[in-house]
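This report refers to the structure that appears directly beneath it.
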Amino acid sequence: WRIYQHTGMHDCVVPPNDCIELEVDYGSTRNTLRRCSCLRVVDIDSANTRQYGGKPKTKKCIIGMTVLVVVYLAAMLFQSETGAVAPTSKLVVLGLPVGQGDCTVLVCPEHDGNVIIYDMGSRKRYWPAQRVRQYLENETLNGVRPLMERLTTIIISHPDEDHYNYILTVFPVEAGNRRRPTPNVFYGGKRNAYKTSTQRWLDANGAVPFNQERECFLRNCVENIADRWEAGLCGNTVRFSVIAANMGEGDPKKKNEDSVVMKVTYGGNSVLLTGDFEGLAQERLLQKIANDAPGILRSDVYKVSHHGASSKANYPTFLQAISPRHAFVSSAHPEES
Numbered sequence: 107w108r109i110y111q112h113t114g115m116h117d118c119v120v121p122p123n124d125c126i127e128l129e130v131d132y133g134s135t136r137n138t139l140r141r142c143s144c145l146r147v148v149d150i151d152s153a154n155t156r157q158y159g160g161k162p163k164t165k166k167c168i169i170g171m172t173v174l175v176v177v178y179l180a181a182m183l184f185q186s187e188t189g190a191v192a193p194t195s196k197l198v199v200l201g202l203p204v205g206q207g208d209c210t211v212l213v214c215p216e217h218d219g220n221v222i223i224y225d226m227g228s229r230k231r232y233w234p235a236q237r238v239r240q241y242l243e244n245e246t247l248n249g250v251r252p253l254m255e256r257l258t259t260i261i262i263s264h265p266d267e268d269h270y271n272y273i274l275t276v277f278p279v280e281a282g283n284r285r286r287p288t289p290n291v292f293y294g295g296k297r298n299a300y301k302t303s304t305q306r307w308l309d310a311n312g313a314v315p316f317n318q319e320r321e322c323f324l325r326n327c328v329e330n331i332a333d334r335w336e337a338g339l340c341g342n343t344v345r346f347s348v349i350a351a352n353m354g355e356g357d358p359k360k361k362n363e364d365s366v367v368m369k370v371t372y373g374g375n376s377v378l379l380t381g382d383f384e385g386l387a388q389e390r391l392l393q394k395i396a397n398d399a400p401g402i403l404r405s406d407v408y409k410v411s412h413h414g415a416s417s418k419a420n421y422p423t424f425l426q427a428i429s430p431r432h433a434f435v436s437s438a439h440p441e442e443s
């Protein structure tokens, strides 16, 4: 598979004739699609081609293309401002296709860099948990070791099952061996709002809440976990800012509002991850940051909150504060997003 751009563009302003071609080559079958975008050269080895199916069937091709375009559009957006395209110069933001759920994987720009996972669950499965585990155990992206071996941090945004119910399958705690899959596990919301089995998993992995499960903004969210929080991230090259967490006011019916709102910045670009953040918490956050941190939500890429819901999330004022250039949605029902 090869994705390439006809002319080099560093500012992602794409004139009408500056498009990319996605060439799908299965030996006897070849397809070329043209799309306008800001992608740069990406070579994907034959192992990935086999992973998405080696038979020249349209359905297989579309699945593979969808995953790869999402992955590498995000990856190329976050290349360093030097414009060089090298394995050590890009932050990869990978949205796994789990359907009505969330699983975002971030790979630090250093060669064989750390891997951070934000949420891992699904209610209406597309990729099942076992497929996610196999992908992490086999994919290397910009490194030598598989993603699973480089995993340093897991963040669970809030206690909604479609954001965490894959965890126990992908990272089982084996009987008699309290194996920790990663040095750091953090979670949003109240511990007792998670399923009992997940509470045991959190305990077995030494998971810690943001600001002791109390409502927090900006630096207050990590003040009690600063050392552990910074240890498993990307060093000084990428900034991970927790803007808000646990804003559900202790109401068990507002666990979506407890979602961890996190901004990841690399060079001059940023991506905003929000879990299911919704409701009055969005308006309260806007009021809070208006004086303390105006513009903090503004991001180039927006992982659309609550699977694209418009009735309780993604209010116009919230979207305006973000003003993203790109957005992606994890949903089993895109027509409802």
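For the sequence shown, the numbering used here gives the first residue as 107, with consecutive numbering after it. Glycine residues also receive a C-beta, built at the ideal position from the N, C-alpha and C atoms. The structure presented is a predicted model; accordingly, all values stated were derived computationally and were not measured.
In this structure, how does DSSP classify residue i when only helix, strand and coil are distinguished?
i	result
ILE402	coil
MET254	helix
CYS340	coil
GLU363	helix
ALA387	helix
ALA311	According to the sequence as given, residue 311 is Asn; it is not Ala. The answer is coil: DSSP assigns ASN311 none of H, G, I, E or B.
THR302	helix
ALA415	coil
PHE277	coil
PHE428	Note that residue 428 is Ile in the sequence shown, not Phe. ILE428 falls in the helix class under three-state DSSP.
ILE331	coil
LEU247	coil
PRO358	helix
PRO422	helix
TYR241	helix
ASP268	helix
How would you call residue i, buried or exposed, if buried means at least 16 neighbouring beta carbons within 10 angstroms?
i	result
GLU249	Reading the sequence as shown, one finds Gly at residue 249 and not Glu. So GLY249 ends up on the buried side.
SER134	Confidence in SER134 is poor, its pLDDT being 48 and thus under 50, which makes the residue's placement too unreliable to answer from.
PRO269	It is worth fixing the name first, because residue 269 is His in this sequence and not Pro. Buried, by the Cβ-count rule.
ALA281	Reliability of the predicted coordinates at ALA281 is poor, the pLDDT of 49 falling under 50, and the value obtained from them is presented with this limitation in mind. Exposed: under 16 other Cβ atoms inside 10 Å.
ALA332	exposed
SER228	buried
GLU245	buried
CYS214	buried
SER411	buried
ASN397	exposed
ASN352	buried
ALA427	buried
GLU329	exposed
GLU243	exposed
ASP208	buried
PRO105	The structure shown does not extend to residue 105, since the chain is modelled only from 107 through 443, so no value can be given for it.
PRO400	exposed
SER436	buried
ASN220	buried
PRO422	exposed
ALA376	Inspection of the sequence shows that residue 376 is occupied by Ser rather than by Ala. By the 10 Å Cβ count, SER376 comes out buried.
Kindly indicate which residue of the options has the alpha-carbon position closest to the one of residue i.
i	options	result
ARG256	VAL279, ARG390, SER303 and ILE222	ILE222
LYS415	ASN362, LEU403 and SER195	The amino acid occupying residue 415 in the given sequence is Ala; Lys does not appear at that position. Selected option, being the one with the closest Cα: ASN362.
VAL407	ALA399, THR210 and ASP266	THR210
GLU267	GLY373, SER303, VAL367 and TYR421	SER303
LYS296	SER228, ARG404, VAL366 and VAL238	VAL366
PRO289	ASN352, PHE277 and VAL204	PHE277
SER263	ASN244, LYS418 and MET368	MET368
TYR224	LEU197, ILE260, LEU242 and VAL199	ILE260
ASP218	GLY201, LEU253, LYS230 and VAL199	LEU253
LEU197	VAL370, ILE428 and ALA299	VAL370
ALA310	PHE292, ASP208, GLU319 and ARG431	PHE292
GLY294	LEU403, THR275, THR423 and GLU355	GLU355
TYR232	GLN206, GLU243 and GLU216	GLN206
GLY374	GLN393, SER405 and VAL348	SER405
ALA433	LYS409, THR423 and TYR421	LYS409
ARG237	THR275, ARG306, PRO422 and PRO265	THR275
TRP307	VAL279, PHE323, ALA299 and PRO203	VAL279
ASP364	SER347, ARG320, ASN326 and VAL199	ARG320
ARG239	GLU216, LYS230, PRO265 and VAL204	VAL204
Tell me residue i's beta-bridge partners as DSSP assigns them.
i	result
CYS214	Looking at the DSSP assignment, CYS214 forms no beta bridge with any residue, so it has no partner.
TYR408	LEU378 and ALA433
LEU200	VAL211
GLY370	The displayed chain sequence assigns Val, not Gly, to residue 370. PHE346 and VAL377.
SER228	GLY207
PHE292	ILE261 and VAL314
ILE222	LEU212 and THR259
CYS322	ALA351
Does residue i come within less than 9 angstroms of chain B when only Cβ atoms are used?
i	result
VAL291	In the structure shown, chain B cannot be found, because there is only a single protein chain.
Taking contact to mean 3 or more Cβ pairs, one atom from each stretch, closer than 8 angstroms, check whether the segment 326-343 and the segment 377-388 are in contact. no
Should the segment 308-316 be regarded as contacting the segment 386-396, the criterion being three or more beta carbon pairs within less than 8 angstroms? no
Three CB pairs or more closer than 8 angstroms across the segment 416-428 and the segment 341-352: Taking a cut-off of 8 angstroms for Cβ pairs, the segment 416-428 and the segment 341-352 do not touch, as fewer than three such pairs fall below it.
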